[in-house]
Structure formats: structure tokens, C-alpha cells
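A.B. asks: Handing you a structure now.
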Amino acid sequence: QVGLGGYEDKFPWQLSGGMQQRASICRALIHEPKMLLLDEPFGALDAFTREELWCTLRDLWEAQRFNVILVTHDLRESVFLADTVYVMSKSPGRFVVRREIDLPRPRDLEITYTPEFTAVVHELRGHIGAM
17 QVGLGGYEDK FPWQLSGGMQ QRASICRALI HEPKMLLLDE PFGALDAFTR
67 EELWCTLRDL WEAQRFNVIL VTHDLRESVF LADTVYVMSK SPGRFVVRRE
117 IDLPRPRDLE ITYTPEFTAV VHELRGHIGA M
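Going from the sequence shown to our numbering is simple: count from 1 and add 16.
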């Protein structure tokens with residue numbers, strides 16, 4: 017389900033960064049938590065792997081419906097994965113914008129190329145630029 021098939025006999029240090037993130041997500045979800053806290057979970061990955069893991073997280077969420085708090089600096093990531101995005105100020109860190117994401121679910125990567133998706137990303141970027 018998360019793309020780790022065939023790697024059962026490998027140690028974590030023998031896995032790529034993307035595979036290590038998959039293993040971390042599996043470890044976090046193994047006990048079926050009600051909430052998952054993620055702090056820049058995909059930041060160190062290449063763009064292709066990052067988007068693959070967005071879809072993995074989306075699929076896991078669709079199946080298990082746990083709550084997620086995701087901290088990210090990637091506006092596309094937040095709009096693709098979230099139902100609600102909060103934009104924070106630099107210092108002191110305060111919520112300055114709350115934006116409901118009303119794009120249809122389940123979201124496919126193709127949605128990231130639509131005018132509706134791009135408009136939300138630009139709107140959020142505008143709030144960041146205004147600070």
C-alpha cells in the first residue's frame with residue numbers, strides 16, 4: 017500500500033530518502049492513531065518522490081481518516097493535501113489567514129495544473145507576500 021514491497025529485509029539506512037519517509041509514515045500509522053503530526057515530511061525529497069508521497073498520504077488518509085497537522089513551506093503541498101490551510105506570520109508566529117480548500121476529493125496530481133488550484137496557491141502566496 018505504501019510502496020515498500022520487496023524491501024522487507026533492508027535496514028532503514030539502506031533505503032532511499034523516499035523509502036525512509038514511507039517507512040516513517042508506516043511506523044506512525046501502525047497503531048491507527050487519531051492524529052498524525054508531520055513537520056516538513058517531504059522537504060528533503062526530489063519533486064517526483066515528493067508528489068508520489070503526497071498521493072501515498074492521500075490514499076492512507078482516504079482509507080483510515082485520521083486527522084493530520086502538516087507543517088510545510090510548500091504551498092502546492094498544503095493545497096493538495098489539506099482541507100484547511102493556515103498561514104503563519106514570521107515572528108512572532110501567529111495565524112494570519114485561515115483558508116478552507118474546497119477542491120474536490122480525492123485529489124489527483126492533475127488538479128495541480130488547473131486554474132482553480134493555481135488560484136488558491138497564488139492567493140495564499142499573496143498573503144505571505146503582504147506580511
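Just so you know, even glycine gets a beta-carbon here, dropped at the ideal spot from N, CA and C.
If you're wondering where the values come from, they're calculated on a predicted model, not measured in any experiment.
1. Quick check: what's the CA-CA separation for residue 23 versus residue 142?
2. What is the rounded straight-line gap between the Cα of residue 28 and the Cα of residue 36?
3. Identify the residues that DSSP records as bridge partners of residue 78: which are they?
4. So if DSSP puts residue 104 in a beta bridge, which residue, or which two residues, is it bridged to?
5. Between which residues of its own chain and residue 48 is the CB-CB distance below 8 Å, once the five residues before and five after are set aside?
6. Grouping DSSP H, G and I as helix and E and B as strand, with all else coil, what is residue 91?
7. Grouping DSSP H, G and I as helix and E and B as strand, with all else coil, what is residue 46?
8. Taking the alpha helix (DSSP H) that residue 54 belongs to, which residues open and close that run?
9. Do the region 117–136 and the region 87–96 make contact, defined as three or more Cβ pairs closer than 8 Å?
10. Just the C-alpha distance for residue 30 and residue 43, rounded to the nearest angstrom, thanks.
11. Within its chain, find whatever has a CB closer than 6 Å to the CB of residue 100; leave out the 5 residues flanking it on each side and keep chain order.
12. By the 10 Å Cβ neighbour count, where 16 or more other Cβ atoms means buried, how is residue 69 classified, buried or exposed?
13. Would you report the Cα separation of residue 63 and residue 108, rounded to the nearest angstrom?
C.D. replies: So, to answer that:
1. C-alpha separation (whole angstroms): 43 Å.
2. Using only the alpha carbons, I get a separation of about 6 Å.
3. Per DSSP, none; premise fails for residue 78.
4. Looking at the DSSP assignment, residue 104 forms a beta bridge with 111.
5. Cβ neighbours of residue 48 beyond the five flanking positions: 80, 82.
6. DSSP places residue 91 in helix when its eight states are reduced to three.
7. Residue state, collapsed to three classes: coil.
8. Premise fails: residue 54 lies in the beta strand (DSSP E), 51–55, not in any alpha helix (DSSP H).
9. Taking 8 Å as the limit for Cβ pairs, the verdict is that the region 87–96 does touch the region 117–136.
10. Approximately 17 Å, taken between the alpha carbons.
11. Within the same chain, residue 100 has close Cβ partners 116.
12. Under this definition residue 69 is a buried residue.
13. The straight-line gap from Cα to Cα measures roughly 30 Å.
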